[in-house]
Amino acid sequence: MFKLIDSHNHLQDHRLSPHRAQVIADMKREGIEHAIVNGTSEADWQDVQELHISNPEFLSSAFGLHPWKVKDRSPEWLEKLRHFLKNPRASIGECGLDQWIIEANIIDQVAVLRDHIKLSRELDRPLTLHCLKAWPELFALLKESKPIPPFLLHSFGGPSHLIKPLLKLGAHFSFSGYFLHERKRKALENFRLIPEDRLMVETDAPDMAPPKSLLTPYQNDNFHHPADLRWSIKGLAELRGESPKCCAEQCRSNSIRLFALTSVS
Ligand SMILES: [Zn+2]
Numbered sequence: 011m012f013k014l015i016d017s018h019n020h021l022q023d024h025r026l027s028p029h030r031a032q033v034i035a036d037m038k039r040e041g042i043e044h045a046i047v048n049g050t051s052e053a054d055w056q057d058v059q060e061l062h063i064s065n066p067e068f069l070s071s072a073f074g075l076h077p078w079k080v081k082d083r084s085p086e087w088l089e090k091l092r093h094f095l096k097n098p099r100a101s102i103g104e105c106g107l108d109q110w111i112i113e114a115n116i117i118d119q120v121a122v123l124r125d126h127i128k129l130s131r132e133l134d135r136p137l138t139l140h141c142l143k144a145w146p147e148l149f150a151l152l153k154e155s156k157p158i159p160p161f162l163l164h165s166f167g168g169p170s171h172l173i174k175p176l177l178k179l180g181a182h183f184s185f186s187g188y189f190l191h192e193r194k195r196k197a198l199e200n201f202r203l204i205p206e207d208r209l210m211v212e213t214d215a216p217d218m219a220p221p222k223s224l225l226t227p228y229q230n231d232n233f234h235h236p237a238d239l240r241w242s243i244k245g246l247a248e249l250r251g252e253s254p255k256c257c258a259e260q261c262r263s264n265s266i267r268l269f270a271l272t273s274v275s
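In structure tokens form, the structure reads like this:
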């Protein structure tokens, strides 16, 4: 069985709470040897930290303000973020820009993301970025950041013409099984264009479920089970004309490098 790293999920989510021990056991059974758990707001950072502390080999933590949560931040959010980043193994995320949500305040989002980028440079931590319908703004912000910290564009659904310029800025791109839905064909096709040394895989669980046609034993109507990653990566491998094992190994070594996963060998 090939080994996998889930480069982006939200295991702290309350929908997973009643099932968490079983979910983690299922992930391990399906070859997932490590996962990066991303916080989204001040309200869940503590839960992410506790998950990391109770599963230090299996999970890494990332702390950030998701663009949907920017409007709810407290005046002390940046100080709190610094506090959680005292753990030297923690990275920064999920943060980013989103103009898909109703009443997106992009000026506010850009200011908050700029603070995340500054902190990532100062503390030398990789960044996990979310972007929906704000690619020109994100690209401009990354370009003005010198030097640009190492970053992952999670569930990359941006335009294909930006892939090359983003690669030049050092971008890594992660694939989600959600792109295997027929309606996401355009986003899926982009993953033919990502060089093998910049590619990762993720679940974004408990959201972004792959199509039911994958027929995994873990599919259910309430949440995306992260053990489905084993089935999702087959779709990516098929698209790229690679074996699932080869694709998984490449994504795994990219995750180890970007997130400095010293506990995974
Ligand atoms: Zn996410």
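To convert, take the position in the sequence shown, counting from 1, and add 10; that gives our numbering.
For each residue, glycine too, the CB sits at the ideal point set by N, CA and C.
Just so we're clear, the structure is a prediction, and the values are computed from it rather than from any experiment.
Beta strand (DSSP E) segments (min. 3 residues) lying fully within the stretch 173-199:
182-186
Strand pairing of Thr-138, partner residues [DSSP]
Mapped onto the sequence shown, residue 138 falls at position 128. Note: Thr-138 sits in a beta bridge opposite Leu-162.
CA-CA distance, Trp-78 and Asp-217?
Here residue 78 refers to the residue found at position 68 of the sequence shown. Here residue 217 refers to the residue found at position 207 of the sequence shown. Looking at the backbone, the Cα of Trp-78 and that of Asp-217 are separated by about 15 Å.
Residue range of the unbroken alpha helix (DSSP H) whose run includes Val-47:
Here residue 47 refers to the residue found at position 37 when the sequence shown is read from its first residue. Segment 42-48 is the beta strand (DSSP E) holding Val-47; no alpha helix (DSSP H) there.
Less than 7 Å separating the Cβ of Asp-54 from some heavy atom of ligand 1?
As a position in the sequence shown, residue 54 is number 44, starting the count at 1. Because no heavy atom of ligand 1 lies under 7 Å away, the Cβ of Asp-54 does not count as near it: no.
Does the distance from the CB of Asp-5 to the CB of Leu-142 come in under 8 Å?
The requested residue 5 does not occur in the structure, where the chain is confined to residues 11 to 275.
Where does Cys-256 land, buried or exposed, given buried means 16+ other C-beta within 10 angstroms?
Here residue 256 refers to the residue found at position 246 when the sequence shown is read from its first residue. The residue is exposed, with fewer than 16 neighbouring Cβ atoms inside 10 Å.
Determine whether the beta carbon atoms of Ala-100 and Phe-73 lie at a separation below 8 Å.
Counting from 1 along the sequence shown, the entry for residue 100 is found at position 90. Counting from 1 along the sequence shown, the entry for residue 73 is found at position 63. Yes.
Quick check on the DSSP output: the alpha helix (DSSP H) that includes Glu-89 runs from which residue to which?
Here residue 89 refers to the residue found at position 79 of the sequence shown. Glu-89 -> alpha helix (DSSP H) spans 87-94.
Beta-carbon contacts of Ser-51 that lie in its chain and below 8 Å, excluding the five residues immediately before and after:
The residue you call residue 51 lines up with position 41 of the sequence shown. Hits under 8 Å: Leu-75, His-76, Lys-79, Asp-82 and Arg-83.
DSSP three-state assignment for Asp-108, whether helix, strand or coil
Within the sequence shown, numbered from 1, the residue matching residue 108 stands at position 98. Correct three-state label for Asp-108: strand.
Please tell me whether, using a cut-off of 7 Å, the distance from the CB of His-164 to the nearest non-hydrogen atom of ligand 1 is below it.
The residue labelled residue 164 in the question sits at position 154 within the sequence shown. Yes; taking the cut-off as 7 Å, the Cβ of His-164 has a heavy atom of ligand 1 nearer than that.
Proximal residues to Pro-207 (C-beta, below 7 Å), its chain only, five neighbours per side dropped:
If you number the sequence shown from 1, residue 207 lands on position 197. The sequence shown places Asp at residue 207, not Pro. For Asp-207, same chain residues with a beta-carbon under 7 Å away, outside a window of 5 residues either side, are Asn-264 in chain order.
Using a Cβ-based criterion (distance less than 7 Å to any ligand heavy atom), does His-24 qualify as near ligand 1?
The residue you call residue 24 lines up with position 14 of the sequence shown. No; taking the cut-off as 7 Å, the Cβ of His-24 has no heavy atom of ligand 1 nearer than that.
Looking at C-beta atoms only, is the number of pairs between the stretch 113-122 and the stretch 58-68 that lie closer than 8 Å three or more?
With fewer than three CB-CB distances shorter than 8 Å, the stretch 113-122 does not count as touching the stretch 58-68.
I need the DSSP call for Leu-14, collapsed to helix, strand or coil.
Position 4 of the sequence shown holds residue 14. Three-state DSSP puts Leu-14 in a strand.
If we count the other Cβ atoms within 10 Å of its Cβ and call it buried at 16 or more, is Ala-53 buried or exposed?
Numbered from 1 along the sequence shown, position 43 holds the residue referred to as residue 53. Classification of Ala-53: exposed, given that the 10 Å Cβ count is below 16.
Proximity of His-20 and Ala-237 at Cβ, strictly below 8 Å
Position 10 of the sequence shown, counting from 1, holds the residue named residue 20. Position 227 of the sequence shown, counting from 1, holds the residue named residue 237. Their beta carbons are not under 8 Å apart, which means His-20 does not touch Ala-237 by this criterion.
Terminal residues of the continuous beta strand (DSSP E) containing Ser-71?
The residue given as residue 71 occupies position 61 in the sequence shown. From DSSP, the beta strand (DSSP E) with Ser-71 extends over 69-73.
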